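So in this note's numbering, spot 67 of the sequence shown is number 74, and the numbers just go up one at a time. All residues carry an ideal CB built from backbone N, CA and C; glycine is no exception. All of these numbers come straight from a predicted model, not from anything done at the bench. Below: the structure, in structure tokens.
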Amino acid sequence: MKSKLALFALALSFGASVFAQSTSNVQSPKQALMELQAGNERFIAGNSIYPNQCLDRVASLKKIQEPFAAIVACSDSRVPAELLFDSGFGDIFVIRTAGNSVVDASTQGSVDYAVNHLGVKLVVVMGHTNCGAIKAVVSTPCEHGSTHDEKEGELPVLIEKIANCIPQYQGKEDQLDGAIEANVEAQTDKIASLPHVKAKTATGELKVVSAMYNLKTGKVEFKN
Ligand SMILES: [Zn+2]
Numbered sequence: 008m009k010s011k012l013a014l015f016a017l018a019l020s021f022g023a024s025v026f027a028q029s030t031s032n033v034q035s036p037k038q039a040l041m042e043l044q045a046g047n048e049r050f051i052a053g054n055s056i057y058p059n060q061c062l063d064r065v066a067s068l069k070k071i072q073e074p075f076a077a078i079v080a081c082s083d084s085r086v087p088a089e090l091l092f093d094s095g096f097g098d099i100f101v102i103r104t105a106g107n108s109v110v111d112a113s114t115q116g117s118v119d120y121a122v123n124h125l126g127v128k129l130v131v132v133m134g135h136t137n138c139g140a141i142k143a144v145v146s147t148p149c150e151h152g153s154t155h156d157e158k159e160g161e162l163p164v165l166i167e168k169i170a171n172c173i174p175q176y177q178g179k180e181d182q183l184d185g186a187i188e189a190n191v192e193a194q195t196d197k198i199a200s201l202p203h204v205k206a207k208t209a210t211g212e213l214k215v216v217s218a219m220y221n222l223k224t225g226k227v228e229f230k231n
């Protein structure tokens with residue numbers, strides 16, 4: 008398994024550096040952030056240009072991908088990152104989970120892949136207003152809220168894991184906005200504190216930021 012992964016990584020790095028043309032002009036975290044901000048501004052102004060969405064672009068990516076940013080966003084159907092940032096194929100690496108959380112190996116491993124093997128310049132954890140997953144956290148009264156209701160499947164487990172990231176908000180139904188903000192910060196901190204992420208942010212080749220998407224206006228506000 009390990010050797011397969013290593014071969015895969017080697018193939019990717021070869022693909023990116025030797026055999027293929029670069030598919031991204033973004034060279035720095037600052038540029039990556041500006042690219043996302045510009046895309047969101049086009050979107051809210053009604054001026055989306057839908058870049059990189061043609062079949063030629065699809066064909067140009069058949070061997071490699073070089074997305075400039077990884078976005079951890081909520082699975083909520085109202086939060087489609089590619090549309091909010093007016094981006095196309097190969098531009099952003101999007102990880103969507105209920106509550107924009109990185110509380111298990113599949114989500115964390117996906118971020119690690121984007122950082123270590125795809126060379127993204129920016130990781131964005133993006134929360135959104137009126138998030139149902141965080142609503143579930145603030146309306147769960149007890150400290151260890153998982154009810155283990157079989158009908159609910161794994162949902163209570165996920166909600167409990169998110170609640171453990173923002174325990175101060177559990178049962179605080181009147182503090183939804185604060186809980187949403189706190190969750191974004193907690194997930195951002197979790198990613199930013201990983202040793203391999205720290206090593207890249209220290210050299211300036213990577214930045215980790217948080218953001219909030221407003222469901223009413225379409226605007227994404229970035230922090231840090
Ligand atoms: Zn949500």
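Cα-Cα separation between residue i and residue j, rounded to whole angstroms
i, j, result
"Val101", "Glu180", "29 Å"
"Leu125", "Glu73", "6 Å"
"Ile51", "Asp111", "33 Å"
"Asn54", "Pro87", "17 Å"
"Glu157", "Ile169", "19 Å"
"Ile99", "Thr208", "19 Å"
"Val232", "Leu90", "The structure shown has nothing for residue 232, since the chain only spans 8 to 231."
"Ala105", "Ala140", "6 Å"
"Leu43", "Ile78", "10 Å"
"Tyr176", "Ser108", "16 Å"
"Ile71", "Arg64", "12 Å"
"Pro174", "Ser113", "23 Å"
"Gly225", "Val164", "30 Å"
"Ala218", "Ala193", "12 Å"
"Glu159", "Pro58", "40 Å"
7 Å Cβ shell around residue i - same chain, five flanking residues per side excluded
i, result
"Ala143", "Ile166"
"Gly46", "Phe92, Asp93 and Ser94"
"Gln60", "Gly95 and Phe96"
"Leu162", "none"
"Leu62", "none"
"Lys230", "Val216, Ser217 and Ala218"
Cutoff 8 Å; reference residue i; Cβ partners in own chain excluding five residues on either side
i, result
"Asn221", "His135, Thr136, Val227 and Glu228"
"Arg49", "Ser55, Ile56 and Asp93"
"Pro36", "Lys128, Leu129, Gly211, Glu212, Leu213 and Lys214"
"Lys205", "Ala199"
Of the listed residues the options, nearest to residue i (C-alpha basis)
i, options, result
"Cys2", "Gly185, Lys158 and Asn171", "In the structure displayed, the chain extends from 8 to 231; residue 2 sits before or after that span and is not available."
"Thr195", "Pro202, Gln175, Thr210 and Val216", "Val216"
"Ala232", "Leu129, Ser113, Gly225 and Ser146", "As shown, the chain starts at 8 and ends at 231. That puts residue 232 outside it, with no answer to give."
"Met41", "Thr114, Ala76 and Pro163", "Ala76"
"Glu188", "Leu201, Met133 and Lys223", "Met133"
"Leu201", "Arg85, Asp119, Asn32 and Pro58", "Asp119"
"Asn171", "Lys197, Glu159 and Gly160", "Lys197"
"Lys223", "Lys205, Val145, Arg85 and Glu159", "Arg85"
"Gln182", "Gly160, Ser146 and Val33", "Ser146"
Residues of its chain near residue i, where Cβ-Cβ distance is below 6 Å and the 5 sequence neighbours each way are ignored
i, result
"Arg103", "Ala80 and Ser82"
"Glu212", "none"
"Ala39", "Val33, Phe75, Ala76, Lys128 and Leu129"
Supposed close pair residue i, residue j - CB separation, criterion 8 Å
i, j, result
"Gly116", "Pro148", "The pair is not a contact, with the Cβ atoms about 32 Å apart (cut-off 8 Å)."
"Val122", "His203", "7 Å"
(request) Entirely within the segment 28-92 and at least 3 residues each: give me those beta strand (DSSP E) ranges in chain order. (result) 76-81
(request) Mind listing, in chain order, the continuous alpha helix (DSSP H) runs of no fewer than 4 residues lying wholly within the segment 90-142? (result) 112-123
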